[in-house]
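A.B. asks:
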Ligand code: C2E
Ligand code: MG
Ligand code: MG
Ligand code: MG
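Numbering (my numbering), first residue to last: 258 to 541.
(1) At which residues does the alpha helix (DSSP H) containing residue 357 begin and terminate?
(2) Where does residue 297 fall in DSSP's three states?
(3) To which residues of the same chain is residue 277 closer than 8 Å at the C-beta, ignoring the five residues directly before and after it?
(4) Let me make sure I understand the geometry here. Which of 351, 425, 293 and 376 has the alpha-carbon closest to that of residue 300?
(5) Which stretch, first to last residue, makes up the alpha helix (DSSP H) that contains residue 322?
(6) Give me the DSSP bridge partner(s) of residue 327.
(7) When you compare only the Cα positions, how much space is there between residue 499 and residue 517?
(8) So which residues touch the region around ligand 2, with touch meaning a C-beta under 7 Å from any heavy atom?
(9) Who are the near neighbours of residue 269 in its chain, counting only those whose CB is closer than 7 Å to its CB and skipping five residues on each side?
(10) Quick check on the DSSP output: the alpha helix (DSSP H) that includes residue 530 runs from which residue to which?
(11) Can you list, in chain order, the residues of its chain with a C-beta nearer than 8 Å to that of residue 481? Leave out the 5 residues immediately preceding and following it.
(12) Measuring alpha carbon to alpha carbon, tell me which of 435, 397, 528 and 384 ends up nearest residue 407.
(13) Using a Cβ-Cβ cutoff of less than 7 Å, which residues in the same chain neighbour residue 437 once the five nearest sequence positions on both sides are dropped?
(14) Could you tell me the boundaries of the alpha helix (DSSP H) in which residue 380 lies?
(15) If you draw a straight line from the C-alpha of residue 418 to the C-alpha of residue 451, how long is it?
(16) Is it the case that the CB of residue 494 approaches a heavy atom of ligand 4 more closely than 7 Å?
(17) Less than 8 Å separating the beta-carbons of residue 316 and residue 302?
(18) Does the Cβ of residue 385 lie closer than 7 Å to at least one heavy atom of ligand 4?
As C-alpha cells, this is what we get:
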C-alpha cells in the first residue's frame, strides 16, 4: 500500500531538484558575507504575562533578506551557520542588535523589558563564549539579568557536562536560562532538575496536543504547578487562536507567546508602538 511504501523506502531526495541544490550552495556562499555585512537583522516577538497581558520580554528572531535570493528562513540558515562554523558571529550579531534595542527602548520607556535570545549549543562550546557575551553587555551597559538565553531542548539531551558547566557559569553571572521547544520530541526531562532554570518554553506541538487530548492538557497543568513550586516560569509557544488562549488561561499557564497575541516585528515597530505598549500592557 501507499503507507508501507512510504515507511519502508530508503531516504529519497524528493524536491531536491537541480535548482534547489544550486540554491543551497548559493545560500551557503552568501551566508558569511551576509553576517559580516549586517544583512542578518532581528525581529522581536513579545512574551506576555497571561493574567495581565503585560509584555515581560521580547524574543529576538534572526531574519535574512538577501537582495537576490529573497528571504531565507532561520530554519534553513541557522543549521547551515552551525555546520559552517558561522553560528558564533551570527549569534553575537543577534545579541548586539538585541542590546541596541534595549538601550534605545530604555531611553523612551521605563518598562525595562527583558530580551530572549536563542543560543545554539555550538556557541556555548566555543572557548570565550561567556567572556564574549559579557563584553557585548558591558559595551551597551545592559545587565545580564535582562537577557534570557534560550537553549533548544534537543541540545541538552546528551547531558554534555561541558554544556552544563557553561550554563551554570552563565547563571552565576546573572543570565537567565530558558529551555526552548520543550516537549517537541524527546524531552530533556532531567534538565528540569539539573539546571538552574528561569524558564521553560513549551513547544507549539505540545500545546497543540493539549488542545486535542485531555491527558496532555492535564500533563501541562501539572507542569505549570511544578513551575510554580520551583520558581520556573512556563511559557506556552505558538498561541494562535482565542480558543487556545482561553484554555491556557483556564489551566493558569503563566506566560504566553504566539501570533494571536503578537507577531514578530522589526524593532522599529516596537519602538514606535512603545507609548501604546507602555499604556496598554507594560504598566509599571
Ligand atoms: P524558536 O526559538 O522556537 O522560535 C519560535 C518560532 O515560532 C519562530 O519562528 C516564530 O516566528 C514562530 N512563531 C511564533 N509564534 C507563532 C505562532 O503562533 N504560530 C506559528 N506557527 N509560529 C509561531 P522563526 O523566526 O522562523 O524561527 C525558527 C527557529 O529558528 C527558532 O525557533 C529558533 O530555534 C531558530 N532561530 C531563530 N533566530 C535564531 C538565532 O538568532 N539564533 C539561533 N541559534 N537560532 C535562531
Ligand atoms: Mg526560541
Ligand atoms: Mg529555539
Ligand atoms: Mg521554540
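Glycine residues also receive a C-beta, built at the ideal position from the N, C-alpha and C atoms.
C.D. replies: To lay it out plainly:
(1) As a working mapping, residue 357 is identified with position 100 in the chain shown. Here the alpha helix (DSSP H) through residue 357 covers 344-365.
(2) In the chain shown, residue 297 corresponds to position 40, counting from 1. The answer is strand: DSSP assigns residue 297 an E or B state.
(3) Along the chain shown, read from residue 1 onward, the residue named residue 277 stands at position 20. Counting only Cβ-Cβ distances below 8 Å, and skipping sequence neighbours, we find nothing.
(4) Counting from 1 along the chain shown, the entry for residue 300 is found at position 43. Comparing Cα positions, the closest option is 351.
(5) Position 65 of the chain shown holds residue 322. From DSSP, residue 322 is part of no alpha helix (DSSP H) but of the beta strand (DSSP E) over 312-323.
(6) One-based indexing of the chain shown puts residue 327 at position 70. DSSP output for residue 327 lists 323 as bridge partner(s).
(7) Position 242 of the chain shown holds residue 499. Position 260 of the chain shown holds residue 517. Each residue's alpha carbon lies about 7 Å from the other.
(8) 316, 373, 375, 407, 437 and 458
(9) Your numbering for residue 269 matches position 12 in the chain shown. Reliability fails at residue 269, whose pLDDT of 43 lies under 50, so the model's placement of it is uncertain and no value is given.
(10) On the chain shown, position 273 is the one that residue 530 refers to. No alpha helix (DSSP H) holds residue 530; DSSP gives it neither H nor E.
(11) Here residue 481 refers to the residue found at position 224 when the chain shown is read from its first residue. Excluding residues within five positions, the ones whose Cβ falls inside 8 Å are 491, 508, 509, 510 and 511.
(12) The sequence position of residue 407 within the chain shown is 150, counting from 1. Residue 435 is the option with its Cα nearest to residue 407.
(13) Sequence index remark: in the chain shown, residue 437 carries index 180 (1-based). Correct list, in chain order: 375, 407, 408, 409, 410 and 458.
(14) The residue labelled residue 380 in the question sits at position 123 within the chain shown. First-last of the alpha helix (DSSP H) with residue 380: 378-381.
(15) For the purposes of this step, residue 418 is identified with residue 161 of the chain shown, where counting begins at 1. For the purposes of this step, residue 451 is identified with residue 194 of the chain shown, where counting begins at 1. For residue 418 and residue 451, the distance between alpha carbons rounds to 11 Å.
(16) Residue 494 sits at position 237 when you count from the first residue of the chain shown. Flag set: Cβ of residue 494 near ligand 4.
(17) By one-based count along the chain shown, residue 316 stands at place 59. By one-based count along the chain shown, residue 302 stands at place 45. Yes, they are a contact pair.
(18) On the chain shown, position 128 is the one that residue 385 refers to. No, the Cβ of residue 385 stays beyond 7 Å of every heavy atom of ligand 4.
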